[in-house]
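Beneath this line is the structure, given in structure tokens, with notes to follow.
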Amino acid sequence: MDILMKTITLTWLIITTTIICTPPADSSHSIQITNLHKNPGLLTLDFGKTFVKIGKHQIYHIIDLNRCEPIFAKIEIILQGLHSFSNFTDITRMLESKFSNAQRLFHNLMPRHRNRRGLFNFLGSTIKQITGNLDNNDLLKISENMQKLEQSNDILITENNEQVKINRQLQDRMNRIIRQLEKDHDQIKGSLIQAKSSGVTKKFIILQDILKISILIDNVNDHLNTIFETAQLAKLNLISKDILSPDELKIVQVQFENQKLIIESVDQIYDFLEISSFYNHSKIVFVIEIPLIRIPPFKTLLLEPLIIQTKMLKIPSTIAIINKHELYFITKPCQQIGPNHLCNLEHLQNYTDDSCFSQLLNGKPANCSFKEISHQSEVKPLTPNHLIAKQINKQNIVSSCGMDNRTLTGTFLIEYHNCTICINGLEFTNKEWYRNGQLLIVPLDGLDIQVKDLEPDMSFERIHISNRHQLETLRRNTNSSLLTSMSLSGVSLLVVITATIFFLSRKFSIRKKQRVESTVNEDVTDLKEGPVTDVHSATDVHSKAIRLKQLEQQVLTSKSQLATL
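Written out as structure tokens, the structure is:
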């Protein structure tokens, strides 16, 4: 039977857990794709409200540890008196165990350093910080405020309209315990003495006194636990719910509402508060800070630059806040509380007079700085349910959002809920228990953005491509120089060969002419020596005349050839 009951119980727990932990039905999934081809280069989404913290109200919770010493001394005296009654030994040991636990908590609250002159070493009149983000200036200011508060009925208004107040709730609780102990101590002590001197154990009276002592020890334990827990949570900047009274919570809520900060629940008040703690003499002081907020709140903008013709806008941050007259970019992350944000004024950079974003985000033409972009296509998430797809080219989109598969080219904003999207092998999933309001796109279509300056792309990919181009250019220049050198060398060699041939031909022609002229001169000389004396001589003369004519013909031919050359 027991096994059956355990099985039924386990099955019921599994079914209950499944129902509770199952995401919303598929009917709640949805997808919306917005084409950004008309956007001039800056996607701007309305991201809710931002409250700017310009100061802080402070509430001091003060606990004087020296007031605890009499409590332990008096309880210890009572416990020693109970040892005289052997019938209550077990109960006495139980009370001593509870008392030891209270002592241990008390010692954990004490500073680590001691001196011979007293229980605590509180560094004279200085302040010793335990937790929080306080610096020396903050600690000095707190010390001055505490002195002024003692003279101003525990409330102080600073020159910046910051309210400083002392809350003595924890100290008052300790005082009530002390008063109750002082009231019961004498009565219990007298009862124990009377019972011991009379020799008769008045069990009922002693049990009644033991019950009072047990309740007192429990109260001390609870109070010290509250102080210790508050100190430990303060290290994480978390506020224990036992430290603020309902009246204080109501005051804080009214202050927030006066600053146009709407609180959805009382628990959300703690998200806006900060806490720090320190020792001041014999006291532990918890400082609870309530933000002083500038009115009115700012509008929060989520910015994402788009790729326009291989260049993209340079933006200081992806989050900006704006109102009718001012524009700030966030330099450090702000605290998100529900749909809103809380930012410190020192974490904002003023761009009110900027020629780019102050103009562009107010719907006016702008003059902006750009940077070169080497990667043309990009897909990334903007929020848990928003994707931006930049310059995608025929990319397939597959989803479980109830939309047919499709192929997209261009730049798109994709909003999806409770489903999965896959783009070019990248998978994005969104699961939500409740749906916030839809983010609105701030219309910037048609605005003219002039290029003020262009920052070159210094990414490794871009540098690698640039080096490749430089090497290719150098190779081409080298090949061109080599071809030019070879051409000049060939022309020079051809000129040398031509000149050599011409020189040799000229030299050969001159030598040939000289030989012909020498032969003709010899023949003419022979003819001039006298008449023919015999037949043979006449024949010789005739043959020589023919030869002379041939030589003259050769001379004429040679001259014509020389003239041709």
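In terms of mature numbering (1 follows the signal peptide of the UniProt record, and there is no 0), the sequence shown is residues -27 to -1, 1 to 538.
Note that beta-carbon positions come from the ideal geometry of N, C-alpha and C, so glycine has one too.
Identified DSSP bridge partners for residue i
{"i": "ASN403", "result": "CYS392"}
{"i": "GLU221", "result": "DSSP lists no partner for GLU221."}
{"i": "ILE281", "result": "LYS284"}
{"i": "SER3", "result": "HIS390"}
{"i": "PHE24", "result": "LEU315"}
{"i": "LYS272", "result": "LYS22, ILE295"}
{"i": "ALA362", "result": "VAL352, PHE385"}
{"i": "ASP37", "result": "LYS256"}
{"i": "LEU16", "result": "GLU277"}
{"i": "VAL371", "result": "CYS395"}
{"i": "GLN423", "result": "ASN340"}
{"i": "ASN8", "result": "PHE385"}
{"i": "GLU428", "result": "LYS344"}
{"i": "THR380", "result": "ASN369"}
{"i": "ILE64", "result": "None; ILE64 has no bridge partner."}
{"i": "LEU413", "result": "ASP19"}
Nearest-angstrom beta carbon gap, residue j and residue i [assumed within contact, 8 Å]
{"i": "SER250", "j": "VAL258", "result": "7 Å"}
{"i": "residue 539", "j": "SER70", "result": "An answer regarding residue 539 cannot be provided, because it is not within the stretch -27 to 538 covered by the chain."}
{"i": "ILE303", "j": "CYS316", "result": "6 Å"}
{"i": "ILE4", "j": "MET285", "result": "No, ILE4 and MET285 are not in contact; Cβ-Cβ is about 26 Å, not under 8 Å."}
{"i": "ILE248", "j": "LEU82", "result": "In fact, because the Cβ distance is near 16 Å, the residues do not count as touching under 8 Å."}
{"i": "GLY14", "j": "ILE387", "result": "With 8 Å as the limit, GLY14 and ILE387 do not qualify as a contact, their Cβ atoms being about 19 Å apart."}
{"i": "LYS29", "j": "GLU345", "result": "About 45 Å separates the two Cβ atoms, so there is no contact after all."}
{"i": "ASP37", "j": "SER255", "result": "6 Å"}
{"i": "ILE151", "j": "ARG77", "result": "Actually they are not in contact, since the Cβ atoms of ILE151 and ARG77 sit about 20 Å apart, beyond 8 Å."}
{"i": "GLY21", "j": "PRO312", "result": "5 Å"}
{"i": "SER347", "j": "ASP426", "result": "That belief does not hold up - the Cβ atoms of SER347 and ASP426 are roughly 18 Å apart, past 8 Å."}
{"i": "THR17", "j": "ILE414", "result": "7 Å"}
{"i": "GLU428", "j": "SER328", "result": "Not quite, the Cβ-Cβ distance comes to about 17 Å (not below 8 Å), so this is no contact."}
{"i": "residue 570", "j": "LEU197", "result": "Residue 570 lies beyond the range of the chain shown here (-27 to 538); nothing can be said about it."}
{"i": "VAL25", "j": "LEU318", "result": "6 Å"}
Environment of residue i [buried if 16+ CB atoms lie within 10 Å]
{"i": "MET459", "result": "exposed"}
{"i": "GLU237", "result": "exposed"}
{"i": "MET(-23)", "result": "Any answer about MET(-23) is weak, because its pLDDT of 47 lies below 50 and its placement is not dependable; what the coordinates show is given next. With fewer than 16 Cβ atoms within 10 Å of its Cβ, MET(-23) is classed as exposed."}
{"i": "residue 612", "result": "A question about residue 612 goes unanswered here, because the residues of the chain that appear run from -27 up to 538."}
{"i": "GLN322", "result": "exposed"}
{"i": "LEU(-15)", "result": "The predicted position of LEU(-15) is uncertain, since its pLDDT is 45 and thus under 50; a value taken from the coordinates is nonetheless stated next. Looking at its Cβ environment, which holds fewer than 16 other Cβ atoms inside 10 Å, LEU(-15) is exposed."}
{"i": "PRO270", "result": "buried"}
{"i": "LEU360", "result": "buried"}
{"i": "ALA472", "result": "exposed"}
{"i": "LYS522", "result": "exposed"}
{"i": "GLY91", "result": "At GLY91 the pLDDT is 39, less than 50, meaning the model places this residue with poor confidence; the figure from the coordinates comes in the next sentence. Burial call: exposed."}
{"i": "ALA46", "result": "exposed"}
{"i": "GLN526", "result": "exposed"}
{"i": "GLU445", "result": "exposed"}
{"i": "PHE385", "result": "buried"}
{"i": "PRO354", "result": "exposed"}
{"i": "CYS(-7)", "result": "In this prediction, CYS(-7) scores a pLDDT of 37, lower than 50, which makes its location untrustworthy; the coordinate-derived value is nonetheless stated afterwards. It counts as exposed."}
{"i": "GLN31", "result": "buried"}
{"i": "PHE481", "result": "exposed"}
{"i": "ASP326", "result": "exposed"}
{"i": "ASN358", "result": "buried"}
{"i": "HIS80", "result": "exposed"}
{"i": "LEU466", "result": "exposed"}
{"i": "TYR454", "result": "Per the sequence presented here, residue 454 reads as Ser, with Tyr not at that position. Exposed, by the Cβ-count rule."}
{"i": "ASP182", "result": "buried"}
{"i": "SER372", "result": "buried"}
{"i": "ILE266", "result": "buried"}
{"i": "GLU405", "result": "exposed"}
{"i": "PRO338", "result": "exposed"}
{"i": "LEU477", "result": "exposed"}
{"i": "VAL227", "result": "exposed"}
{"i": "LEU9", "result": "buried"}
{"i": "LEU447", "result": "exposed"}
{"i": "THR402", "result": "exposed"}
{"i": "ILE519", "result": "exposed"}
{"i": "residue 542", "result": "With the chain running from -27 to 538 in the structure shown, residue 542 is simply not present."}
{"i": "THR380", "result": "exposed"}
{"i": "PRO278", "result": "buried"}
Distance cut-off 7 Å: residue i Cβ against heavy atoms of the ligand GTP
{"i": "VAL225", "result": "Absence of the ligand GTP is noted for the structure shown, with no ligands found whatsoever."}
Under 8 Å: do the segment 392 to 399 and the segment 358 to 374 share three or more Cβ pairs, one atom per stretch? Contact between the segment 392 to 399 and the segment 358 to 374 is established, with three or more Cβ pairs separated by less than 8 Å.
Counting Cβ pairs, one atom from each stretch, are 3 or more of them under 8 Å apart for the segment 410 to 425 and the segment 316 to 333? Here the segment 410 to 425 lies against the segment 316 to 333, with 3 or more beta-carbon pairs under 8 Å apart.
What alpha helix (DSSP H) runs, 4 residues minimum, are completely inside the segment 296 to 352? Counting whole runs of 4 or more residues, the segment 296 to 352 contains the alpha helix (DSSP H) stretches 330 to 333.
Would you check if there are 3 or more beta carbon pairs closer than 8 Å linking the segment 50 to 64 to the segment 198 to 216? With the cut-off at 8 Å, the segment 50 to 64 and the segment 198 to 216 do not touch.
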